[in-house]
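Below is one structure, written out as structure tokens; comments come after it.
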Amino acid sequence: MIINLLRKRAGRRKSPGLPGVATATLLLAWGCAGGPEGAAPFQGVVEFEETILAFEVGGRITEIGPRRGDTVDPKDVLARLDPTLIELERKARMADLKAAKAQLSQLEAGTLPTQVRATAAEMRAAKAHAQTLENDLHRQEELFEKGAVPPSVVDRLRTELAAAQAQTAALGERLRGARDGARAEEILAAEARVESVQAAIAAIDEKISRHELRAGFAATIVDRLKEPGEIAAAGTPILSLADPGHPYVDIFVPQDSIAAVNIGQTASTTIDALGAQTVPGKVEHISQRTEFTPRYLFSERERAALVVRVRVRIEDEQRRLRAGVPAFVTLVGP
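Here the sequence shown is numbered in our numbering, starting from 988 and rising by one per residue.
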């Protein structure tokens, strides 16, 4: 079944006359299989889906490649941000990773015998020093009791002895750890540190990749909204793109006739610029609400009425169409 309705070309003024004739003609055209001879199809305007591209991170724009009207491929880099700061952050994290891996390797290998001997020698020297201080303290305390030395001398020796004993205890703990090797908990903590730094570097690499802007689909540049040298915050529009290979036409079907239209229904579109050649398409979307018919689509034979917006997606792989040109759509029954 061919479904037709009378529509006029954009730009003609609505006439106050013949509202009844318009109504009768509309219903007759819709109800007759194949449509009355000479009846016009639905009228609309060719439009493109426009996409606004923006960076997910902020920074100074260093490059915007394409110009208005240029065609771009999905993987083309369209714009870049200055990556200097983020690259310095990555360099610092790489140094952290190197240190974390070195610490892990040392714990896994254990302490070398030479390091054990050196620590033992340090502890023996610390013990001897503490013993000397203790002997000196005893002598000075005896002299202090006889009034031969001031109390400050005794206080100083007591402080030095306490520090020497603390150092000896610390060296003893270090020596025991060197002889026993690293605990399992220490190795696990070192491994977690390495993994944490690696994850931070991966996050930085992802941020660096987002300093480049790609469309992700074949498109035509509609407009450049920023220029190199400008500062762009995250989400600031940079480029406007359109997909000219898959335009659409919005048509308006009377609300009492919308039941005959189905999503996926085939359509045939005629464009003046293409002459008698038609462009195939399908019904992509049917609005869930009614609206008044746009004035720019009506002839003097039609009247204002409640209609439903229907979007017809048409295929134009050769990209011959331009946005804004009038289109005439005939819906073909299932």
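Virtual Cβ for every residue (Gly too), placed ideally from N, Cα, C.
Run through DSSP, which three-state label would residue i get?
{"i": "T1106", "result": "helix"}
{"i": "L1148", "result": "helix"}
{"i": "I1250", "result": "coil"}
{"i": "K1133", "result": "coil"}
{"i": "R1126", "result": "helix"}
{"i": "R1276", "result": "strand"}
{"i": "A1328", "result": "Lying before the first or after the last residue shown, residue 1328 is absent from the chain, which here runs from 988 to 1321."}
{"i": "R999", "result": "At R999 the pLDDT is 35, less than 50, meaning the model places this residue with poor confidence and gives no usable figure here."}
{"i": "A1115", "result": "helix"}
{"i": "E1037", "result": "strand"}
{"i": "R1307", "result": "coil"}
List the DSSP bridge partners of residue i.
{"i": "E1050", "result": "R1067"}
{"i": "V960", "result": "Outside the shown range of the chain, which is 988 to 1321, sits residue 960, and nothing can be said about it."}
{"i": "K1269", "result": "T1253 and R1300"}
{"i": "G1031", "result": "A1314"}
{"i": "P1241", "result": "V1294"}
{"i": "V1044", "result": "According to DSSP, V1044 bridges with nothing at all."}
{"i": "I1258", "result": "A1314"}
According to the neighbour-count rule (16 or more other Cβ atoms, all chains shown, within 10 Å of its Cβ), is residue i buried or exposed?
{"i": "D1237", "result": "buried"}
{"i": "M1110", "result": "buried"}
{"i": "V1266", "result": "buried"}
{"i": "K1313", "result": "The amino acid occupying residue 1313 in the given sequence is Pro; Lys does not appear at that position. That one is buried."}
{"i": "P1322", "result": "No statement about residue 1322 is possible, as the shown extent of the chain runs from 988 to 1321 and does not include it."}
{"i": "A1177", "result": "buried"}
{"i": "L1075", "result": "exposed"}
{"i": "G1046", "result": "buried"}
{"i": "P980", "result": "Look at the range of the chain in this structure, 988 to 1321, and you will see that residue 980 is not part of it."}
Would you mind stating whether residue i and residue j have Cβ atoms separated by less than 8 angstroms?
{"i": "F1204", "j": "V1294", "result": "no"}
{"i": "E1043", "j": "A1246", "result": "no"}
{"i": "L1228", "j": "L1040", "result": "yes"}
{"i": "L1072", "j": "G1052", "result": "no"}
{"i": "R1055", "j": "D1210", "result": "yes"}
{"i": "L1120", "j": "L1148", "result": "yes"}
{"i": "V1033", "j": "L1308", "result": "yes"}
{"i": "L1162", "j": "L1144", "result": "no"}
In chain order, which continuous runs of the beta strand (DSSP E) of length 3 or greater are located wholly inside the stretch 1150–1238?
-> 1199–1201, 1206–1211 and 1224–1229
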